[in-house]
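Visitor:
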Amino acid sequence: MSAVRNVAREKLEQGQLALGVGIRMTRSVEIAKAMAVAGFDWLFLDMEHGVMSLEACAQISTAALDAGIAPIARVPNGEYSIATRALDNGALGIVMPHVDSAAEAREVVDRLKYPPVGHRSMGGIGPHYGLRSVSTGEAAQALNTANLTVVMLETPTAIANADEIAAVPGVDVLLIGSNDLCAEMGIPGDFGSERLADAYRRTIAACRKRDKFPGMAGIYNIVAAIPSAFCTSRRAPPGRSCSTVGSRGRMRSSSNTTRSAA
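Using the working numbering, you'd call the opening residue of the sequence shown number 52 and step up by one each time.
Have a look at this one:
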């Protein structure tokens, strides 16, 4: 039985840019194929700020598996019952917002990874294997490997603790929530700020040191707004590239432009 594929993780491990697109309102499973064709690598299924239900998330996730685009769900902070059910029913990763410390990051891993990494409950074999039979042990190991555990850094406290957060085993991505971070720093919407650029630099340095992936979210005109410190993260050692969340509106032109600029 082949391992579960996560296209976004594969690109990151190859040192390539992995582009995600935010999905907040649509209920149509066609969005998975449409965004794959548009050139995106993963769906950011937003159950924190969007109106998407868990059922819609599961249906789109299943369609995404067939379309070859990775479904990754954001849940409200601390809502682990939603997170694990999303993983049970097709998601290939969870974005947990508002993680400020290593202790909070350890709880995320503990709740979202199967033993021996964490203590996530086994819920049977979901759609990741296309309804084929597979042993529980094999599935747990494959899904622990394939799933992306993403913690969002959205406050100055989180940025100050970036190195300790990145050091937590089982954390894969440190995703900077640029909108909330700017607001918490008292500079809402100022994406060209040197303070924001410094937050990117500190997070990228922590990820390089700890062999994790840096990412950004909350900036939608990426070419104009992204500080050079983040673009140059692609110069990190192989496998250490950045994961980016864009908006759904620009589709192919956005993904192509961003890849060219990175």
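Where a beta carbon is used, it is the ideal one built from N, C-alpha and C, also for glycine. Note that this is a predicted model, so its numbers are computed, not measured.
The beta strand (DSSP E) that contains Leu70, what's its start and end?
Guide: Its beta strand (DSSP E) spans residues 69-74.
Visitor: Hey, how far is the Cα of Ile255 from the Cα of Asp262?
Guide: Ile255 and Asp262: Cα-Cα distance of roughly 10 Å.
Visitor: Cβ of Leu143 within 9 Å of Cβ of Ser112?
Guide: Yes; because the gap between Cβ atoms is below 9 Å, this pair is in contact.
Visitor: Unbroken alpha helix (DSSP H) runs of length 4 or more, entirely within the segment 60-147: which are they?
Guide: 81-88, 105-118, 131-139, all fully within the segment 60-147.
Visitor: When you compare the CB positions of Thr196 and Val55, do they come within less than 9 Å of one another, or not?
Guide: Their beta carbons are under 9 Å apart, which means Thr196 touches Val55 by this criterion.
Visitor: Are the CB atoms of Gly90 and Lys141 within a distance shorter than 9 Å?
Guide: First, the residue type needs correcting, since residue 141 is Gly and not Lys in the sequence shown. Their beta carbons are not under 9 Å apart, which means Gly141 does not touch Gly90 by this criterion.
Visitor: May I have the straight-line CA-CA distance separating Glu235 from Val185, to the nearest angstrom?
Guide: Between Glu235 and Val185, the C-alpha separation is close to 46 Å.
Visitor: Note down the Cα distance separating Glu215 from Pro166, rounded to an integer number of angstroms.
Guide: If I take the Cα positions, the gap works out to 23 Å.
Visitor: Assuming the contact rule is C-beta atoms closer than 8 Å, Ala115 and Val126 should be a hit. Round their C-beta distance to whole Å, please.
Guide: Contact doesn't hold; Cβ gap of about 17 Å is too wide.
Visitor: Report buried or exposed for Pro239, applying the criterion of at least 16 other Cβ atoms within 10 angstroms of its Cβ.
Guide: When all chains shown are included, Pro239 counts as exposed.
Visitor: Between the Cα of Cys108 and those of Asp97, Val159, Ala118, spot the shortest distance and give me the residue it belongs to.
Guide: Of the candidates Asp97, Val159, Ala118, the one whose C-alpha sits nearest the C-alpha of Cys108 is Asp97.
Visitor: Hey, could you find the ends of the beta strand (DSSP E) Pro207 is sitting in?
Guide: Run containing Pro207: none in the beta strand (DSSP E); it sits in the alpha helix (DSSP H), 207-211.
Visitor: Would you report the Cα separation of His170 and Val159, rounded to the nearest angstrom?
Guide: So the alpha carbons of these two residues sit roughly 10 Å apart.
Visitor: Which word fits Arg162, buried or exposed, when buried means at least 16 other C-beta atoms lie within 10 angstroms of its C-beta?
Guide: Answer is buried; the Cβ neighbour count reaches 16.
Visitor: Residues bridged to Val201 by DSSP?
Guide: In the DSSP output, where bridge partners are listed per residue, Val201 has Val146, Val224.
Visitor: Pull up the CB-CB distance for Ala34 and Val219, whole angstroms please, since I reckon it's below 8 Å.
Guide: Residue coverage of the chain in this structure runs from 52 to 313, which leaves residue 34 outside it and unanswerable.
Visitor: Quick one, are the C-beta atoms of Ala217 and Ala257 less than 9 Å apart?
Guide: In contact: Ala217 and Ala257 (Cβ atoms closer than 9 Å).
Visitor: On the criterion of 16 or more Cβ atoms from any shown chain inside 10 Å, does Gly164 qualify as buried, or is it exposed?
Guide: First, the residue type needs correcting, since residue 164 is Lys and not Gly in the sequence shown. Label assigned to Lys164: buried.
Visitor: Once the 5 residues before and after Asp241 are set aside, which same chain residues still bring their CB inside 8 Å of it?
Guide: Contacts found: Cys233, Leu247.
Visitor: Quick one: is the Cβ of Met267 within less than 8 Å of any heavy atom of the ligand ADP?
Guide: Summarising the ligand content, the structure contains no ligands, and the ligand ADP is consequently not present.
Visitor: May I ask you to report which of helix, strand or coil DSSP gives Pro178?
Guide: Pro178: helix per DSSP, three-state reduction.
Visitor: Hey, out of Gln65, Glu106, Gly175, Gly221, whose CA is closest to Leu199's CA?
Guide: Of Gln65, Glu106, Gly175, Gly221, the residue nearest in Cα terms is Gly221.
Visitor: Classify Arg24: buried if its beta carbon has 16 or more other beta carbons within 10 angstroms, exposed otherwise.
Guide: Because the chain spans 52 through 313 in this model, residue 24 falls outside it and cannot be assessed.
Visitor: Ignore the nearest five residues each way along the sequence and tell me which others in Asp151's own chain have a CB closer than 7 Å to its CB.
Guide: Excluding sequence neighbours, Asp151 sits near Thr206, Thr208, Ala209, Asn212.
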